Amino acid sequence: MDIHEYQAKERFRAAGIDVPPGEIATTPEEAETIAAGYGGTVVVKAQVHSGGRGKAGGVRLAKDAAEAKEHATAILGMDIKGLTVEKVLVTPAEDIDTEAYVGVLMDRKKQAATFMVSAEGGVDIEHVAHETPELIRKLTVDPRYGILPHQAFWLANFLYDDPKLIKQASKIIAQLYDAFVNSGASMAEINPLITTSAGEVKAIDAKMSIDDSELFRRPDVEAMRDTSSEPASEVKAREAGLSYVKLDGDVGCCVNGAGLAMATMDLVKYYGGEPANFLDIGGSSNPDKVVAALEIITSDPNVKAILFNIFGGITRCDDVARGIVEATNRIDIGPPIVIRLTGTNEELALEILSDAGFSAYTSMDAVVEKAVELAAGGA
Amino acid sequence: MDIHEYQAKERFRAAGIDVPPGEIATTPEEAETIAAGYGGTVVVKAQVHSGGRGKAGGVRLAKDAAEAKEHATAILGMDIKGLTVEKVLVTPAEDIDTEAYVGVLMDRKKQAATFMVSAEGGVDIEHVAHETPELIRKLTVDPRYGILPHQAFWLANFLYDDPKLIKQASKIIAQLYDAFVNSGASMAEINPLITTSAGEVKAIDAKMSIDDSELFRRPDVEAMRDTSSEPASEVKAREAGLSYVKLDGDVGCCVNGAGLAMATMDLVKYYGGEPANFLDIGGSSNPDKVVAALEIITSDPNVKAILFNIFGGITRCDDVARGIVEATNRIDIGPPIVIRLTGTNEELALEILSDAGFSAYTSMDAVVEKAVELAAGGA
Amino acid sequence: MSIFIDNDTKLVVQGITGRDGSFHTLQTMEYGTNVVAGVTPGKGGQTFEGPNGQTVPIFNAMDEAVAETGANTSVIFVPPAFAAGAVLEAADSGVALVVAITEGVPVLDMARAHVFARDKGVRVLGPNCPGLISPGKAKVGILPGQIVTEGPIGLVSRSGTLTYEAVFQLTGAGLGQTTCVGIGGDPLIGTNFIDCLEAFEADPDTKGVVMLGEIGGTDEQEAAAYVSDHMSKPVVGFIAGQTAPPGRRMGHAGAIISGSAGTAEEKMKAFEENGIAVAKRPADLVGLIQDALN
Amino acid sequence: MSIFIDNDTKLVVQGITGRDGSFHTLQTMEYGTNVVAGVTPGKGGQTFEGPNGQTVPIFNAMDEAVAETGANTSVIFVPPAFAAGAVLEAADSGVALVVAITEGVPVLDMARAHVFARDKGVRVLGPNCPGLISPGKAKVGILPGQIVTEGPIGLVSRSGTLTYEAVFQLTGAGLGQTTCVGIGGDPLIGTNFIDCLEAFEADPDTKGVVMLGEIGGTDEQEAAAYVSDHMSKPVVGFIAGQTAPPGRRMGHAGAIISGSAGTAEEKMKAFEENGIAVAKRPADLVGLIQDALN
């Protein structure tokens, strides 16, 4: 789960990191009032779960409260990569001397949190890593010890020469690790970490992704979820316990298992179609889940055909078939449905489906080809 | 630093352990009011840094508020092993089904915290460990991981058969480790850990010692220090940065270094005397420290002679000698002082001391023999 | 022969009395796996009823289970909140292989559990994996026994049902398997492609390997380099998620393209550059491995 | 010969710019020890002025100091709050021996630092120790160089000034030392009596050992058993704290009788039972070791 900049900043502040003040506005008037309260130049920043908001015009400097209101008017409601901006963060502009990058993320290969720092901050760190890897210093943290003082120093020492700045940055790096662990994060990043001409080190931007598997035990973090920033269909899927990602195509996909679901999408593309979604319905034959899945898929007006691809595995296929039939009886579906079911008792399952009027298949290729054809307007 | 039962219970409660309620009284009337508030039978418990308070009559059951007042009257002001009881804890009596022991302490050999549990609680655990070691289960905690769930279960499983009790005790064991670590403790102990007939596991007694080296970073724990329970001379010594322990003899000892200080006490005994104290004055030649040390030693009316045993080491002996002379000029000392000084520039030092009228020695044995003789009334 | 499990596997099921644990224990016993013990704290002394009148003793803790039964492998069906603790307990108990089926285990918990297991020299498979099966010998986890058959192919996959799909097609084409291993869809897994490839290379009965990857991370890229440098046996592969958008988690916690890293494209390229024939669709795997074996 | 330090010792001083650090670095250089580097974060690039015109480069961090100078031993003079961190840094830097002089380091911090150092295979001496000296070769720590002299005795002690006392008497009687080691007065120390006894046994120049214990813990008892089982060389001993009351900390954090455990009496008994002659007072040590050597 991604959280907003202002929420990540709250976590960072709680860990002791020097983060400049800031308040959230949902209307231009609020932004004006907040800016007036700070006085002087402020920054108005779109709060949206997407990179590239700067390029999209979602971050603007305002020399006074009136201009802050103006910018907030422009930014609120803006569409950034398909997401509507509902909130802006208003924060006093800082006197920036240098910009660095400090981030920590879970490294699969090292099986542990790994820091990445660079004196080249305020830019796309992936680009820096690719073009000039020598400008990046990395350190893997042993989860048994956490980050050790000399390790934090080693990272900070790569960013600055001035001992006073190194000392502050060492502290911030250790605090960032605390925030990362105490939030159940998979990624936490300060970009840029600035120095001011007064010699202070501050985090003026903040980004954090939470490991979804941590949320059950971190209600304070779960409370940061902003469902307004997600497609309604994805919110509904999560509530139904389904794994769903909306895409732009017209072939609705309903598959058991994440790997098979991806392979099914890929096969739709292979046969010239475009998948409308990723959806993992899990291993259950429960009609309620199928109903929820169908409701979610059909809430997308682009969907022209619906494709089930179910590998029975240990669950018996006839049970799954009955679940699908019962579910489709309960609700009214517009687009045509084609179903592939294979595994234990597949013959029985295919009979049940055919009797209920479905096109039933045992081959994944056949069903996908058919679904693509249907979506393209074929019969 | 030892803390009182009621303070240890606060730490345990903060860690989530089920500790029955309790309040502190410093007068019999307060005890009466608290007991009346709880209603029913209460226990009145002396709060004193000493074992054996039960045997001394410092823990009494009171069937009502009037009796609680009576017991508090008896216990407050009581002398237990040289310590005066200033406070009592009044706590509702529990319905005790079984009594177990759970403790954790820093194990020197394993270099880590080690748990010790026994179903034989409410008694002297050292006795159990000595007589029936098979009734004790031990577990060393890897400081990199803390206590793991299956380890806590393994300990709890040694105490109880009933899964519900095991579950509660596992949790308490893990919480006790948290309290231990978060208090900077060197020892934390629940004795007894009881079960009630309702099937609840509770800590009705609590004991905790804090690692003195942790106090600088734990002001909340340092605030638990009860100077009223220590000899005034020891409080003064700590404030002066001296390591001092009051004893019952008549030869005051002022030594640099803990090991040499103990060896000096032992030598006093060897020559037929009794040391009045342990005192490590450290390596400095600063007259202020010597003044503080002499004030502390002479505040003990038993002291009949004062013995300095200083090994100059890296500090030059003449510097130390000058410090002693200056200090003794500043204050008026009753008992005779004899001084041993050896190491670099010892000849010069002995000259300085003799000129100031002190008996000066280079041999430890000679000075101790002399001090013992002086304390016994010799010249 | 097979890898990781065989006729000598003596299995203990952690969480045997739970819904999933009991269901899959029955399936596992049906397949003929030697299930010697179950563990559920607080249910020690009870008995699990197997499918054909066999009974399995239940213990409160892994140390007891291992001491009493000589179990050498464990499989974990406990809920996410306790799963990492179960891995730690298993790794501490003396078994050599721990298979963690549970999905949704906090990754920070697993980081600790993995280093603990490494220190103890214990192999962890998963978490969030379907387990593994050595046809005709033993099954540990949730892979369906009826779709596999003995034969010369080693299969390793990050996915569950995609594994079924591939195995189903292999079996249908008469290509049996030595062992099918699902390494799991989580970011931090105990056993990776390379571990399995190394074991398949060393297994004399395995003649060729099918490797099913997916988006996220660089495990496939490293595996490809390993194949090129250390494998004499042919390897063919497939990557799921060619149509997955960046930055979105595709079901598996580990199936996510981060920035421009972890795409299907780069993985397929790595496969091809290292001599691993890449199937465009699962159905092509059979032909590719048949060609490779000839 | 000597143990732990010798002419090849290349010393780095952690906290070289502090009051104690700079004072004892001068003393250490005066004694002729090869001090190759100092470390003080934020003072990298500066220079420490030695006693006879030598200069020592100062680094920001241990890794730089070791990389630039090849230091193999470190000594720590940093304040208690940072001392365990300094041990971790030293253990991570590639030196083989870390001598921690600092008193008052939180014991829980040291528990972590000790296991870290053990994992890295680095020897820690202390904390809260006076260090060690190999007469005529090198001195690391705060033992006064002027009281030692070369000779056949190995000395190991939990105390500082009591060590001076014993060394002073040995030297006075013409009994020089191979190495004098102060293992420290804290509850958790990195190098214990047995480690030193083992090294002295292996050192051909050491002909006999003087062991100075004190109340608290059971290190002396275990050392006594070790002497009996593994030592061919004579060992004599002394225990400080025969008159110490139970439950009170006698200066050293580790010098405390807990309940009935850790008394001088039981330690002296253990010594005697294992063939270690016990001095009733420090002055008797000389006679005992002379007898033992003859």
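Residue numbers (the working numbering), protein chains in the order written: chain D, 25 to 403; chain C, 25 to 403; chain F, 96 to 389; chain A, 96 to 389.
Here a beta-carbon is modelled for each residue, glycine too, at the ideal position from N, C-alpha and C.
Just so we're clear, the structure is a prediction, and the values are computed from it rather than from any experiment.
With a cutoff of 8 Å on beta-carbon distance, VAL381 (chain A) and MET306 (chain A) are scored as not near each other. One thing to note: GLY133 (chain F) has its Cβ within 8 Å of the Cβ of PHE143 (chain F). Assignment of beta-bridge partners to ALA335 (chain F) by DSSP yields F:GLU309. DSSP places GLN241 (chain F) outside any beta strand (DSSP E), giving it a letter other than H or E. Between the segment 140-154 of chain C and the segment 203-223 of chain C there are three or more C-beta pairs closer than 8 Å, enough to call the two in contact. From the listed residues A:GLU367, A:PHE295, A:GLY216, A:ILE278, the smallest Cα separation to VAL235 (chain A) is found for A:ILE278. Within the segment 147-211 of chain F, the runs of beta strand (DSSP E) at least 3 residues long that lie entirely inside it are, in chain order, 150-154, 168-171, 192-195. Sorting F:ILE310, F:TYR259, F:SER97 by C-alpha distance to the C-alpha of ALA356 (chain F) places F:ILE310 at the top. Closest option to PRO146 (chain F), judged by alpha-carbon separation, among F:VAL131, F:THR120, F:THR135, F:SER169: F:THR120. Counting every other CB atom within 10 Å of its CB across the protein chains shown gives THR358 (chain F) a total of 16 or more, marking it as buried. With a beta-carbon spacing of about 22 Å, ALA195 (chain A) and PRO152 (chain A) fall beyond the 8 Å limit used to define contacts.
For LEU377 (chain C), same chain residues with a beta-carbon under 6 Å away, outside a window of 5 residues either side, are ALA345, ILE363, ALA384 in chain order.
Note that the segment 221-233 of chain C does not touch the segment 386-394 of chain D; fewer than 3 beta-carbon pairs, one per stretch, sit closer than 8 Å. Counting of Cβ neighbours within 10 angstroms places GLN149 (chain F) among the exposed residues, the total staying below 16.
Looking from the CA of ASP235 (chain C), the closest CA among C:VAL225, C:LYS133, C:GLY208 belongs to C:GLY208. Residues of the same chain with a CB within less than 7 Å of the CB of LEU172 (chain D), apart from the 5 flanking positions on each side, do not exist. Listed along the chain, the chain F residues whose CB falls inside 7 Å of the CB of ILE190 (chain C) are GLY137. Nearest neighbour of MET25 (chain C) by Cα position, chosen from C:THR65, C:VAL141, C:GLU258, C:ARG354, turns out to be C:GLU258. Boundaries of the beta strand (DSSP E) around ASN333 (chain D): 329-335. Non-local C-beta neighbours of PHE204 (chain C) in its own chain, meaning closer than 6 Å and more than five positions away in sequence, comprise VAL128, ALA212, ordered along the chain. Out of F:PHE211, F:THR273, F:VAL304, F:GLU184, the CA that lies nearest to the CA of PRO167 (chain D) is found in F:PHE211. VAL126 (chain D) is not a Cβ neighbour of ILE48 (chain D), given a cutoff of 8 Å.
At least 8 Å separates the beta-carbon of TYR126 (chain F) from that of PHE335 (chain D).
Counting only residues of its own chain and dropping the five nearest sequence neighbours on each side, ASP379 (chain C) has no CB closer than 6 Å to any other CB.
Scanning C:GLU370, C:ALA96, C:GLY306, C:THR220 for the CA closest to the CA of CYS278 (chain C) turns up C:GLY306. Counting every other CB atom within 10 Å of its CB across the protein chains shown gives ALA124 (chain C) a total of 16 or more, marking it as buried.
Between the alpha carbons of ALA261 (chain F) and THR273 (chain F) lies a distance of about 14 Å.
Here GLY367 (chain D) carries a coil assignment [DSSP, helix/strand/coil].
Contacts between LEU172 (chain C) and chain F, judged by CB atoms closer than 8 Å, involve GLY180, LEU183, GLU184, ASP187 in chain order. In the displayed model, CYS224 (chain A) falls within coil according to three-state DSSP, outside both helix and strand.
The residue among A:LYS375, A:GLY255, A:GLY226 with its C-alpha nearest the C-alpha of GLY281 (chain C) is A:GLY255. In chain D, no part has a C-beta under 7 Å from the C-beta of ALA191 (chain A); the shortest such distance is about 18 Å.
Relative to the Cα of LYS191 (chain C), the nearest Cα in the group C:ARG262, C:ALA176, C:TYR201 belongs to C:ALA176. Taking a beta-carbon distance threshold of 8 Å, LYS375 (chain A) counts as an interface residue toward chain C. A contact between stretches requires three or more CB pairs, one per stretch, nearer than 8 Å, and the segment 33-51 of chain D meets this requirement with the segment 108-116 of chain D. When the beta-carbon positions are compared, PHE288 (chain F) and GLY249 (chain F) stay at least 8 Å from each other.
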